[in-house]
Amino acid sequence: MTAGSVSVKIYEVRHSTNKTGKAYVLAWHGLHGRMTKKFAASGDALAEARIKVAQLASGRIEGADMSVGDRDELQAARELVKDVPLLTALQEWLRARDITDGNLLPAAEAWAARNGTAYRRVKVSAAVKEFLTAKSAAGKNLAKNHASTFEQIVNDLGELFLDAVPAKQLDAWLAKWDNPVTRNTKRKRIVSLWRWAQRKGYLPRDARTEAEMTDAAHEPAPVIGIIGVETWTALLRYFAENHPDLLPALVLAGFCGLRRSEIHAQRWEDVSLTRKNLRITSAKRGTPARRMVPLCDAAVAWLAPLAQAKGFACPTTGDGADATPTLAMDAIRRLAREAKLPDLPENCFRHSYISHRVAATGDIARVSLDAGNSPKEINRHYRELVSEEEGKAWFEVGPTG
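Take a look at the structure:
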């Protein structure tokens, strides 16, 4: 049998073990010289001869050396890998085998156990919406207290799939904030979001999230900036005369030492002028919940004309159930600056409250309880900043004249 210059020959030979007493030998020249193959039936020999001639004529001399079994195995291998090219599949298998030092199956089983069978992909915007809804249902005020942070996350990353945002991209996003404290605050929010998504099955389980692998900024030791009694008096007088709606927030800041977020969330229902104390409506996470804070006589005098039966102590936007407290402390700092009042250091009202209260009472344990922090922190930062006389004078500034 020939095709061009290529020929394959079939020889009929005697074969005592066959019923016909004949056998058919196929002969051709391959890579290793003259090759032969014996068949019991002439039809099988002819069929194989046609395949060999076609392979040799097309230059596939290696294919001509393949046996029927070899071709069957090749076809079975191609069916196993389906749409993946056989060579690509073998290359991936070899690389995976090298990476796992021959332990490919145990490594694959460990990966499956760690990541689960599957996780549902969601976009960052959808994850943020569900996260805030879940936290609000649990009684946490993330949606209000950190609204700007989550709005920035959605604006910048919202259209990306959560599992496709790498730590490098999150680090680049965090780099927008130069202040290390601000950056770390933003980082806490994305870490909490990514961890929640992992628990809900939106990210692989039992592995560090990309948010956790971002870099935390180094925060320098805090500088305790305070104001004196003279500045405190000027502030109270100015806001009582010009912006009385902001006066309750100022009183809570300087006479009670509430944190910024605590001031904005404070409700009149939790303020008792008759008992001279207040209960924190929404305490900072990690601090004593619903702690009680005493009201000095001066604080009661400033608050008495402004107190209401219910509602937020700070000005609000919206009515009824839709009422939302404004950022009163930001407004106080802005208006004080516009009025050319003395500069107000960062967090100066809380720092001034603690410093003057420690000086006035000498009772660090009680002050730490009222302020919602530790005696160790007060000992480290607030001792000997003001005199006892100045401390007492701070809490005696009333609405006189």
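Numbering (UniProt numbering) for the sequence shown: 1 to 401.
C-beta: ideal position from N, C-alpha, C; glycine also.
Note that the structure is predicted; figures quoted are calculated from it, not measured.
Can you name the residues that DSSP bridges to Lys82? To locate residue 82, count along the sequence shown from 1; it is residue 82. Under DSSP, Lys82 shares a beta bridge with no residue.
The segment 183–200 contacting the segment 224–240, beta-carbon criterion three pairs below 8 angstroms: Taking 8 angstroms as the limit for Cβ pairs, the verdict is that the segment 224–240 does not touch the segment 183–200.
Does the beta-carbon of Trp93 have 16 or more other beta-carbons within 10 angstroms, so that it is buried, or is it exposed? Along the sequence shown, one-based indexing puts residue 93 at 93. Trp93 comes out exposed.
C-alpha distance - Phe39 paired with Ala54, whole-angstrom precision: The sequence position of residue 39 within the sequence shown is 39, counting from 1. The sequence position of residue 54 within the sequence shown is 54, counting from 1. When rounded, the distance between both Cα atoms is 19 angstroms.
Is it a yes or a no for the segment 381–392 touching the segment 355–370, going by three-plus beta-carbon pairs under 8 angstroms? Contact between the segment 381–392 and the segment 355–370 is present, with at least three C-beta pairs closer than 8 angstroms.
Does His218 pass the burial test, meaning 16 or more other C-beta atoms within 10 Å, or should it be called exposed? In the sequence shown, residue 218 corresponds to position 218, counting from 1. Taking a 10 Å sphere around the C-beta of His218, we find fewer than 16 other C-beta atoms and assign the residue as exposed.
Tell me whether Phe395 sits in a helix, a strand or coil according to DSSP, three-state version. Taking the first residue of the sequence shown as 1, we reach residue 395 at position 395. It is coil, neither helix nor strand.
Measuring straight from C-alpha to C-alpha, what distance separates Arg380 and Gly225? Translated into positions along the sequence shown, residue 380 becomes position 380. Translated into positions along the sequence shown, residue 225 becomes position 225. Looking at the backbone, the Cα of Arg380 and that of Gly225 are separated by about 14 angstroms.
Name, in chain order, the residues that DSSP records as bridge partners for His356. Taking the sequence shown and counting its residues from 1, the one referred to as residue 356 is at position 356. DSSP, once it has assigned bridges, lists no residue as partnering His356.
Please name the residue, chosen from Lys82, Met329, Ala323 and Pro305, that lies closest to Leu258 on a Cα-to-Cα basis. Indexing the sequence shown from 1 puts residue 258 at position 258. Ranking Lys82, Met329, Ala323 and Pro305 by Cα distance to Leu258 puts Met329 first.
Output yes or no for whether 8 angstroms exceeds the beta carbon distance between Leu278 and Ile332. Working through the sequence shown from its first residue, we reach residue 278 at position 278. Working through the sequence shown from its first residue, we reach residue 332 at position 332. Taking 8 angstroms as the Cβ cut-off, Leu278 and Ile332 do not qualify as a contacting pair.
Proximity winner among Pro375, Asn373 and Asp245, relative to Pro325 (alpha-carbon distances): As a first step, residue 325 must be located in the sequence shown, where it is residue number 325. Out of Pro375, Asn373 and Asp245, Asp245 has the C-alpha closest to the C-alpha of Pro325.
Alpha carbon to alpha carbon, how far is Tyr202 from Glu130? For the purposes of this step, residue 202 is taken as the residue at position 202 of the sequence shown. For the purposes of this step, residue 130 is taken as the residue at position 130 of the sequence shown. Taking C-alpha positions only, Tyr202 is separated from Glu130 by approximately 11 angstroms.
Locate the beta strand (DSSP E) running through Thr36, then write down its first and last residues. Numbered from its first residue, the sequence shown carries residue 36 at position 36. Segment Gly33 to Phe39, the beta strand (DSSP E) holding Thr36.
For Val271, which residues does DSSP report across the bridge? Stepping through the sequence shown from its first residue, residue 271 is reached at position 271. DSSP lists Leu278 as partners of Val271.
Check for me: the beta strand (DSSP E) holding Arg199 runs from which residue to which? Start at 1 with the first residue of the sequence shown, and residue 199 comes out as number 199. Element bounds for Arg199: not the beta strand (DSSP E) but the alpha helix (DSSP H), Pro180 to Arg199.
Which residues in the same chain as Pro166 place their Cβ atom closer than 6 angstroms to its Cβ, once the five residues preceding and following it in sequence are excluded? Within the sequence shown, the letter at position 166 stands for residue 166. Counting only Cβ-Cβ distances below 6 angstroms, and skipping sequence neighbours, we find Glu210.
What number of angstroms, rounded off, separates the C-alpha of Arg208 from the C-alpha of Glu79? Indexing the sequence shown from 1 puts residue 208 at position 208. Indexing the sequence shown from 1 puts residue 79 at position 79. C-alpha of Arg208 to C-alpha of Glu79: approximately 38 angstroms in a straight line.
Per DSSP, what kind of secondary structure is Pro345 in: helix, strand or coil? Working through the sequence shown from its first residue, we reach residue 345 at position 345. Shown here, Pro345 sits in coil according to DSSP, grouped into three states, outside any helix or strand.
Would DSSP call Val300 helix, strand or coil? Working through the sequence shown from its first residue, we reach residue 300 at position 300. In the three-state reduction of the DSSP assignment, Val300 falls in the helix class, which pools H, G and I.
Opposite Asp26 in the DSSP bridges: which residues? Along the sequence shown, one-based indexing puts residue 26 at 26. It should be pointed out that residue 26 corresponds to Leu in this sequence rather than to Asp. Paired residue(s): Ile10 and Lys37.
For Phe312, write down the residues that DSSP places opposite it in a beta bridge. In the sequence shown, residue 312 corresponds to position 312, counting from 1. For Phe312, which the question treats as bridged, DSSP gives the partners Arg267.
Three-state secondary structure (DSSP) of Val293: The residue labelled residue 293 in the question sits at position 293 within the sequence shown. Strand, per DSSP.
Decide yes or no for the touch test of the segment 152–169 against the segment 83–92: beta carbon pairs closer than 8 angstroms, at least 3 of them. Contact check between the segment 152–169 and the segment 83–92: fewer than three CB pairs, one atom from each, fall below 8 angstroms, which does not count as touching.
With a cut-off of 8 angstroms on the beta carbons, I'd call Tyr24 and Ser42 a contact; round off their distance for me. The residue you call residue 24 lines up with position 24 of the sequence shown. The residue you call residue 42 lines up with position 42 of the sequence shown. Correct: roughly 5 angstroms between the Cβ atoms.
Should Ile99 go down as buried or exposed, given a rule of 16 or more other Cβ atoms within 10 Å for buried? Position 99 of the sequence shown holds residue 99. Exposed is the call here.
With DSSP collapsed to three states, give me the class of Pro375. In the sequence shown, counting from the first residue as 1, residue 375 sits at position 375. In the structure shown, Pro375 sits in a helix (DSSP, three-state: H, G or I).
Cutting at 6 angstroms between CB atoms, please list the residues of its own chain near Gln308, excluding the five before and the five after it. Position 308 of the sequence shown holds residue 308. Short of 6 angstroms from the beta carbon of Gln308, and not among the five residues preceding or following it, lie these beta carbons of its own chain, in chain order: Trp268.
Let me know the alpha helix (DSSP H) ranges lying completely inside the segment 219–254, each 4 residues or longer, listed in chain order. The DSSP assignment places 229–242 as complete runs of the alpha helix (DSSP H) inside the segment 219–254, in order along the chain (cut-off: 4 residues).
Where Leu170 and Ala197 are concerned, what is the direct C-alpha to C-alpha distance, given to the nearest angstrom? In the sequence shown, residue 170 corresponds to position 170, counting from 1. In the sequence shown, residue 197 corresponds to position 197, counting from 1. For the pair Leu170 and Ala197, the Cα-to-Cα distance works out to about 16 angstroms.
Can you find the residues in the same chain that come closer than 7 angstroms, C-beta to C-beta, to Leu142, ignoring five residues on each side of it along the sequence? Within the sequence shown, residue 142 is the residue found at index 142, counting from 1. Same-chain partners within the cutoff: Leu132 and Lys135.
Through-space distance from Val124 to Gly228, alpha-carbon basis: One-based indexing of the sequence shown puts residue 228 at position 228. One-based indexing of the sequence shown puts residue 124 at position 124. Taking C-alpha positions only, Gly228 is separated from Val124 by approximately 46 angstroms.
Sequence-distant residues of its chain with Cβ nearer than 7 angstroms to Pro294 (five each side left out): Here residue 294 corresponds to residue number 294 of the sequence shown, with the count starting at 1. These residues qualify, in order along the chain: Lys276, Asn277 and Asp370.
Buried/exposed call for Gly401, threshold 16 Cβ in 10 Å: For the purposes of this step, residue 401 is taken as the residue at position 401 of the sequence shown. In this predicted model, Gly401 has a pLDDT of only 47, less than 50, meaning its place in the structure is not dependable enough to derive any value.
Beta-carbon proximity check, Ala26 vs Ala45, cutoff 8 angstroms: Indexing the sequence shown from 1 puts residue 26 at position 26. Indexing the sequence shown from 1 puts residue 45 at position 45. One detail in the question is off: residue 26 reads as Leu in this sequence, not Ala. With contacts defined as CB atoms closer than 8 angstroms, Leu26 and Ala45 qualify as a contacting pair.
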